[in-house]
Structure formats: structure tokens, C-alpha cells
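Student:
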Amino acid sequence: MPAALARHHRHRDETAAAPTSVSASCDNADFQAKQQAFENGGPKGDVAVHICGTVVAVAARSSQTRSGMHGYFYVAVAPNISIRIVTNLDEMHTPAWPWVSKGDTVDVIGRYYYDSYKSQGIDWTHRGTGRSWPIPGSVTVNGTKYD
97 MPAALARHHR
107 HRDETAAAPT
117 SVSASCDNAD
127 FQAKQQAFEN
137 GGPKGDVAVH
147 ICGTVVAVAA
157 RSSQTRSGMH
167 GYFYVAVAPN
177 ISIRIVTNLD
187 EMHTPAWPWV
197 SKGDTVDVIG
207 RYYYDSYKSQ
217 GIDWTHRGTG
227 RSWPIPGSVT
237 VNGTKYD
């Protein structure tokens, strides 16, 4: 696995097959079930998710990582449950960061990773695919799709 992808996957189950599809519509219940399985000690692996909700927080500045410039925000998927969204700004066709605001309605397709309760999120939210992730992602903000 390339080093740029390894940063999120200390506990990844390398024997698990990569997913091949994701729900065509938002499915927060599916996401919450996957999250709960990981928190209960289930095998850790990357899973495809399609969530929607309201933006509850946005990082004011983007950050440079080994895999490019990234912007971060949090989405409420249920009362008292939010998840970090990681957007690769070098891969996505978006305006300058931040292109989401607190209170925006979003629909996100991406790869859910879970290293621990404090280290989890949804990345691969861009249209690109690769050997390690075959499903194109996207972020739709108030009806405008970015991928």
C-alpha cells in the first residue's frame, strides 16, 4: 500500500476484499451499523458509504499532507453522531477552501476508515479510483456536486 494511503489504516484488515459498490442513495443507517460494528471490535477494513446530513463544523484552513492538500469538515448523520469528512483538494474540482459552511446540507460518497474511536472518517470523496479503492466518491453541497 502506498505510504500516502497507509496513514489512515493502522488497523486495516488486509485480507478483506475491497468493496465493489455503494448505495445509490444516502443510507445513514448502513453507515451507523458499520461504525457500531467497528466500535464493537469487528474486523477493521475500508467500507464504502453514502451518507447525508448537515455540516456541523468546518476547518478554517486546508492542510498539506503526504497525499496532497486536504480540507476537513464534520457532518451530523444522526442526533449526537457526526463524522469527519476528508476532501482531497488536489483531486476535486471545487472552489477555494472552504467550499462548505456550517449548516450546509451535504451528500457524501466515500471510503469509511476506522482506526479507533478518535481516528475515523470518510475519505476518498473524489471521482478518482485506484487499485486500493475502486469506487468514485463525491460531495454534494446544497445540490451542487463536487468530485
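Under the working numbering, the residues of the sequence shown are numbered 97 to 243, in order.
Quick reminder that beta carbons are idealized off the backbone N, C-alpha and C, glycines included.
1) When you measure from the CB of residue 223 to every non-hydrogen atom of the ligand SAM, does any distance come out below 6 angstroms?
2) DSSP three-state label for residue 133, please.
3) Below 8 angstroms on the Cβ atoms is my guess for residue 49 versus residue 166; work out the distance and round it to an integer in Å.
4) In the DSSP output, which residue or residues are listed as bridge partners for residue 184?
5) Taking just the CA atoms, how far does residue 216 sit from residue 107?
6) Going straight from the alpha carbon of residue 242 to that of residue 184, what length do you get?
7) Are there 16 or more other CB atoms within 10 angstroms of the CB of residue 140, so buried, or fewer, so exposed?
8) Run the CB neighbour count on residue 186, radius 10 Å, all protein chains shown included, and call it buried at 16 or more, exposed below.
9) Would you identify the three-state DSSP class for residue 174, choosing helix, strand or coil?
10) Identify the residues that DSSP records as bridge partners of residue 150: which are they?
11) Please confirm whether residue 222 and residue 233 have their CB atoms less than 7 angstroms apart.
12) Roughly how many angstroms lie between the CA atoms of residue 148 and residue 171, to the nearest whole one?
Tutor: The relevant details are as follows:
1) For the ligand SAM, the structure offers nothing, since it holds no ligand at all.
2) helix
3) Nothing in the structure corresponds to residue 49, since the chain is present only between 97 and 243.
4) Residue pairing of residue 184 in beta bridges, as defined by DSSP: 166.
5) Legend: pLDDT at residue 107 = 41, less than 50; position of this residue unreliable, value from coordinates given subsequently. Cα-Cα distance, rounded: 11 angstroms.
6) 11 angstroms
7) buried
8) exposed
9) strand
10) 172, 201
11) Against a cut-off of 7 angstroms, the Cβ pair of residue 233 and residue 222 comes out as a contact.
12) 8 angstroms
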